[in-house]
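Colleague: Chains as they are written, first to last, in my numbering: chain A, 1 to 366; chain B, 367 to 752. Have a look at this one before I ask anything.
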Amino acid sequence: MFKNEEMEINLGPQHPSTHGVLRVKLRLDGETITHCKPVIGYLHRGVEKICENQTFFQGQVWTDRMDYCSAVANNLGWAEANEKLFGITVPRRAQYIRTLLNEFNRLASHLIWLATHALDIGAMTVFLYAFREREDILDMNEAFCGSRLTTTAFRIGGLREDMPPGFEKMARKFLAKFPTCLEEYENLLSENRIWKKRTVGVAMLSAEDAIALGVTGPVLRAAGVPYDIRKAFPYAAYGEMDFEVPTQTAADTYARYLVRMAEMRQSARIIQQCLDGMPEGPVMAKIPKILKPEVNEVYHATEAPKGEIGYYLVGEKGSTNPYRFHVRAPGFINLQSLPKMAEGGLIADIVAAIGTLDIVLGEIDR
Amino acid sequence: MPTPTLLQSIAITLIQCVLVVLFVFVVVPLTVFAERKVLGHIQQRLGSTRVASGHIGVTGWMNRGMWKWGRIPVLSYWRGIPGLVADVLKLILKEDIIPAKADKFVFFIAPAISMVSAVVVFAAISFVPGTFFIFPAWFPGLGGLPVSGGIADINVGLLWILGVASVGVYGIVLAGWASNSKYPLLGGLRSAAQMVSYEVPLAISLLAPVVLTGSLNFGEMAQRMATGTSAWGLVPQVFGFLIYLTCGFAETNRLPFDMPEAENELVAGFHTEYSGMKFGFFYLAEYINMTVVSALAAGFFLGGSWLLPFGLQGLVNQLLPADAWIAGPHAIFFVAKIIFLLFTYIWVRGTIPRYRYDQVMSVAWKYLIPLALVNLLLAAFVRCAV
Numbered sequence: 001m002f003k004n005e006e007m008e009i010n011l012g013p014q015h016p017s018t019h020g021v022l023r024v025k026l027r028l029d030g031e032t033i034t035h036c037k038p039v040i041g042y043l044h045r046g047v048e049k050i051c052e053n054q055t056f057f058q059g060q061v062w063t064d065r066m067d068y069c070s071a072v073a074n075n076l077g078w079a080e081a082n083e084k085l086f087g088i089t090v091p092r093r094a095q096y097i098r099t100l101l102n103e104f105n106r107l108a109s110h111l112i113w114l115a116t117h118a119l120d121i122g123a124m125t126v127f128l129y130a131f132r133e134r135e136d137i138l139d140m141n142e143a144f145c146g147s148r149l150t151t152t153a154f155r156i157g158g159l160r161e162d163m164p165p166g167f168e169k170m171a172r173k174f175l176a177k178f179p180t181c182l183e184e185y186e187n188l189l190s191e192n193r194i195w196k197k198r199t200v201g202v203a204m205l206s207a208e209d210a211i212a213l214g215v216t217g218p219v220l221r222a223a224g225v226p227y228d229i230r231k232a233f234p235y236a237a238y239g240e241m242d243f244e245v246p247t248q249t250a251a252d253t254y255a256r257y258l259v260r261m262a263e264m265r266q267s268a269r270i271i272q273q274c275l276d277g278m279p280e281g282p283v284m285a286k287i288p289k290i291l292k293p294e295v296n297e298v299y300h301a302t303e304a305p306k307g308e309i310g311y312y313l314v315g316e317k318g319s320t321n322p323y324r325f326h327v328r329a330p331g332f333i334n335l336q337s338l339p340k341m342a343e344g345g346l347i348a349d350i351v352a353a354i355g356t357l358d359i360v361l362g363e364i365d366r
Numbered sequence: 367m368p369t370p371t372l373l374q375s376i377a378i379t380l381i382q383c384v385l386v387v388l389f390v391f392v393v394v395p396l397t398v399f400a401e402r403k404v405l406g407h408i409q410q411r412l413g414s415t416r417v418a419s420g421h422i423g424v425t426g427w428m429n430r431g432m433w434k435w436g437r438i439p440v441l442s443y444w445r446g447i448p449g450l451v452a453d454v455l456k457l458i459l460k461e462d463i464i465p466a467k468a469d470k471f472v473f474f475i476a477p478a479i480s481m482v483s484a485v486v487v488f489a490a491i492s493f494v495p496g497t498f499f500i501f502p503a504w505f506p507g508l509g510g511l512p513v514s515g516g517i518a519d520i521n522v523g524l525l526w527i528l529g530v531a532s533v534g535v536y537g538i539v540l541a542g543w544a545s546n547s548k549y550p551l552l553g554g555l556r557s558a559a560q561m562v563s564y565e566v567p568l569a570i571s572l573l574a575p576v577v578l579t580g581s582l583n584f585g586e587m588a589q590r591m592a593t594g595t596s597a598w599g600l601v602p603q604v605f606g607f608l609i610y611l612t613c614g615f616a617e618t619n620r621l622p623f624d625m626p627e628a629e630n631e632l633v634a635g636f637h638t639e640y641s642g643m644k645f646g647f648f649y650l651a652e653y654i655n656m657t658v659v660s661a662l663a664a665g666f667f668l669g670g671s672w673l674l675p676f677g678l679q680g681l682v683n684q685l686l687p688a689d690a691w692i693a694g695p696h697a698i699f700f701v702a703k704i705i706f707l708l709f710t711y712i713w714v715r716g717t718i719p720r721y722r723y724d725q726v727m728s729v730a731w732k733y734l735i736p737l738a739l740v741n742l743l744l745a746a747f748v749r750c751a752v
């Protein structure tokens, strides 16, 4: 008598909680998701191809515009991949400053994640609280490199300039107040009944699935795999830092929340160590004006806030441009797990799933 | 006191209607403004401090004027106030789009249903017990006639309120269905289930004060609560009050139960396809409903227009001269209680996240309805024992 039909619905590309121009094709049985397929490419600019037509020095500008919430982490990966390609050793002070900025950037990126994730679930006050702290970090970015979002913070071989005067004071002031701010967010969320109801057991992704899908970053660590490139293959000054890799075993949205909150504490710890142990010396290695590679190819992976960001560079002998450039973008790979997380859940859960993956479409579409 | 003729009572009722509608249309924009400011301060910002933008047209004129006055530091904080007028103007002047494949008649009638059912509830709410004021002798045609504090002083006020308020859900469901679009459809379906579910515990929780006071009339209940020993109904009915408030949040589609329009899931829910003043009607209806729910809470649990609980009001009345305790303070207390409850709405919105749809339903059926029934039973025992 009644016709039973599944409804197909487009979540995005214009939707308040797809974090940009992600489009998800959903098939719904009532409010239950039976089929979920992310459709990407709305923000494709051909970053990789553009970089192949520019010199090694120029390419960094484009890495800013991939994951614009963590531009510094992208810059770091790019700079280190190039240094590997040309065999450049970076001065120790530059390494420390890079680590410092990278961790500040991790804080900024995690704060954006917290803000938008909480807003998606309806806690709008956390959104503004988190942006308040992020503002301070952006001010520091501005003090360091004149730009707030698209930083282009580093140079191949080190840094363009040393820390500006007063930067250390800004950083220490931020560190002094940041723990109280974290507590403020946690007071609003961690033990909140509704927050737990919306996140515990939602959008599960087991360790096996996560590894099979190539998922990295906090999402993998929340499934109990303590894989962090900063520890596994230390780069920059991370080998000299004392920090922990927070993990959880529940593999749900709440576990990812806990992991990221703990990561923010660890980042603050690393920043403190960088400030306290900052070595003296130059910040730029001696490099030629024009870089021409000797080695054929490199792959360099670093731990971006969202997961493993890998830069694959192929050099051509005698050319100032990369012959081939490819980015292993964490958001792109992590997004693959969205159907696994969302199918079988309710339509409200896909909003939580997209939020917990912490995607930035600039990086996924490149 | 003279008895009014039919014509005179019609005239008086019309005057009352105008007063109540005026009250509603003053309270709603102020609530919207208060929401912006209070929410702003909860979130460590200032809330609205300017009107729209630009320098042309009516808003531009207001904007320039406010900037001029706004140089004074205290006033600069209130520069957002003309935004209330600008918002309404914008809604009226916006193009009114009806989707090509919408059911035009239903699409048109849905916002009206929401709006009318929200306003009509006020008929049975009396702001002041007994007489509100008496027309002076010189008033043409109505001299010496009393005006009561509510439009319809009917003895089944509660039934009227619940009955009319439950019509409002049709507005939302029909809007969702008539839009012929997927997100509004989901929003409409959600609201149908949610509002029908939450009406049950809402009604049951309102029954407890009825049992305790033995009246269905709004004004009479408030009076018995304040003059008797039942302490506003809040003290014996604290659970009932909390259940009612929770259901009230759900009935008005406010956080944490704003399922029908959960913007992060359903874009704008049932009113996604609405624009212009039709959208404005839904918007108004939501805020009027908040006022209604607050007024009911004030009347049923907080002693209505009476200031002091535990029968203390009687003592105060005796101390003062007979005509000192007139309608004015009563109305002010009543409105103050409404304002406090409206503040609670904003406060909750600023603090907690949103439930998921299935969890909203389980909260109603698994917790609120059994709790409300137990509460009603307890009230009945108390009534028998006293």
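Idealized CB from N, CA, C, for every residue including glycine. Values in this document were obtained by computation on a predicted structure and should not be read as measured data.
Would a check of beta-carbon distances place B:T717 closer than 8 Å to chain A?
Modeller: Yes - at least one Cβ of chain A is within 8 Å of the one on B:T717.
Colleague: My guess is that B:Q725 and A:K231 are in contact by the Cβ rule of under 8 Å, so how many angstroms apart are they, rounded?
Modeller: About 38 Å separates the two Cβ atoms, so there is no contact after all.
Colleague: Span of the beta strand (DSSP E) holding B:Y721?
Modeller: That residue, B:Y721, is in no beta strand (DSSP E); it is neither H nor E in DSSP.
Colleague: Using 8 Å as the limit for Cβ to Cβ distance, is B:I408 near chain A?
Modeller: Output row for B:I408: interface = yes.
Colleague: Residues in the same chain with beta-carbon distance under 8 Å from A:L346, minus the five sequence neighbours each way, listed in chain order, please.
Modeller: The answer, listed in chain order, is E31, T32, I33.
Colleague: So for A:K306, helix, strand or coil by DSSP?
Modeller: Coil.
Colleague: To the nearest angstrom, how far is it from the Cα of B:L459 to the Cα of B:E617?
Modeller: Distance between the alpha carbons of B:L459 and B:E617 is about 30 Å.
Colleague: Using a Cβ-Cβ cut-off of less than 9 Å, give me the residues of the stretch 185-196 of chain A that come near chain B, in sequence order.
Modeller: Answer in chain order: L188, L189, N192, R193, I194, W195.
Colleague: Nearest-angstrom Cα distance between A:I97 and A:E161?
Modeller: Their Cα atoms are separated by approximately 10 Å.
Colleague: Since A:V298 and A:K84 should fall inside the 8 Å C-beta cutoff, what is the C-beta to C-beta distance between them, to a whole number of angstroms?
Modeller: The Cβ separation is near 5 Å, so the contact holds.
Colleague: Output, in chain order, the set of chain B residues within a Cβ distance shorter than 8 Å of A:E240.
Modeller: Correct list: empty, because the minimum Cβ distance to chain B is about 37 Å.
Colleague: Let me know the beta strand (DSSP E) ranges lying completely inside the stretch 452-525 of chain B, each 3 residues or longer, listed in chain order.
Modeller: Qualifying beta strand (DSSP E) stretches, in chain order: 497-500, 512-514.
Colleague: Is DSSP giving A:K37 helix, strand or coil here?
Modeller: Of the three classes helix, strand and coil, the one that applies to A:K37 here is strand, per DSSP.
Colleague: Buried or exposed for B:F647, going by 16 or more other Cβ atoms inside 10 Å?
Modeller: Answer is buried; the Cβ neighbour count reaches 16.
Colleague: Across which residues does DSSP place B:R402 in a beta bridge pair?
Modeller: Its beta-bridge partners do not exist; DSSP assigns none.
Colleague: Does chain A have any CB closer than 8 Å to the CB of B:K467?
Modeller: Judged by the 8 Å Cβ criterion, B:K467 is not in contact with chain A.
Colleague: For A:L128 and B:R411, which I take to be in contact (beta-carbon distance under 8 Å), what is that distance rounded to the nearest angstrom?
Modeller: Indeed, because the Cβ distance is near 7 Å, the residues count as touching under 8 Å.
Colleague: At the 8 Å Cβ level, is A:M7 part of the contact set with chain B, yes or no?
Modeller: Yes, A:M7 lies at the interface with chain B (some Cβ there is under 8 Å from its Cβ).
Colleague: Identify, in the order they occur along the chain, each residue of the same chain with its Cβ nearer than 7 Å to the Cβ of B:C613, setting aside the five sequence neighbours on each side.
Modeller: Counting only Cβ-Cβ distances below 7 Å, and skipping sequence neighbours, we find Y564, P567, L568, S571, L734.
Colleague: Does the ligand GDP have even one heavy atom less than 7 Å from the beta-carbon of A:N75?
Modeller: Of the ligands one can find in the structure shown there are none, so the ligand GDP has no counterpart to examine.
Colleague: Report buried or exposed for B:W504, applying the criterion of at least 16 other Cβ atoms within 10 angstroms of its Cβ.
Modeller: Answer is exposed; the Cβ neighbour count stays below 16.
Colleague: Could you give the DSSP three-state label for A:R328: helix, strand or coil?
Modeller: In the structure shown, A:R328 sits in a strand (DSSP, three-state: E or B).
Colleague: Hey, could you find the ends of the beta strand (DSSP E) A:N10 is sitting in?
Modeller: Where A:N10 is concerned, the enclosing beta strand (DSSP E) stretches over 7-11.
Colleague: How about A:C36 and A:I350: are their beta carbons less than 8 Å apart?
Modeller: Taking 8 Å as the Cβ cut-off, A:C36 and A:I350 qualify as a contacting pair.
Colleague: According to DSSP, simplified to helix, strand and coil, what is A:T253?
Modeller: Here A:T253 sits in helix by DSSP.
Colleague: Runs of 4 residues minimum, wholly inside the stretch 193-280 of chain A: which ones carry the alpha helix (DSSP H) assignment?
Modeller: Here the runs fully enclosed are 193-199, 207-212, 218-221, 229-232, 253-276.
Colleague: Out of A:L26, A:L43, A:V47, A:F56, state which residue places its alpha-carbon closest to the alpha-carbon of A:S319.
Modeller: Ranking A:L26, A:L43, A:V47, A:F56 by Cα distance to A:S319 puts A:F56 first.
Colleague: Which residues of chain A have a Cβ atom closer than 7 Å to the Cβ of B:Y564, listed in chain order?
Modeller: Chain A residues near B:Y564: none, gap ~16 Å exceeds 7 Å.
Colleague: Which same chain residues, not among the five before or five after B:L739, have their C-beta less than 8 Å away from its C-beta?
Modeller: Contacts found: I570.
Colleague: Can you tell which of A:R45, A:L182, A:G77 has the C-alpha that lies nearest to the C-alpha of A:Y257?
Modeller: Nearest C-alpha to A:Y257: A:L182.
Colleague: Please confirm whether A:P380 has its beta-carbon closer than 8 Å to some beta-carbon of chain B.
Modeller: This structure leaves residue 380 of chain A out entirely; chain A is present only between 1 and 366.
Colleague: Could you list which residues in chain B have their beta carbon closer than 8 Å to that of A:E343, in chain order?
Modeller: The contacting residues do not exist; A:E343 stays about 16 Å from chain B at best.
Colleague: Between which two residues does the beta strand (DSSP E) containing A:D64 stretch?
Modeller: A:D64 -> not in any beta strand (DSSP E); alpha helix (DSSP H) instead, spanning 60-64.
Colleague: Under DSSP, the alpha helix (DSSP H) around B:V659 begins and ends at which residues?
Modeller: First-last of the alpha helix (DSSP H) with B:V659: 642-667.
Colleague: Quick check: the Cα distance between A:A123 and B:T717, rounded to an integer number of angstroms?
Modeller: About 7 Å.
Colleague: Taking any Cβ of chain B, which residues in the stretch 115-129 of chain A have a Cβ under 9 Å from it, in chain order?
Modeller: Residues passing the 9 Å Cβ filter: A118, L119, D120, I121, G122, A123, M124, T125, V126, F127, L128, Y129.
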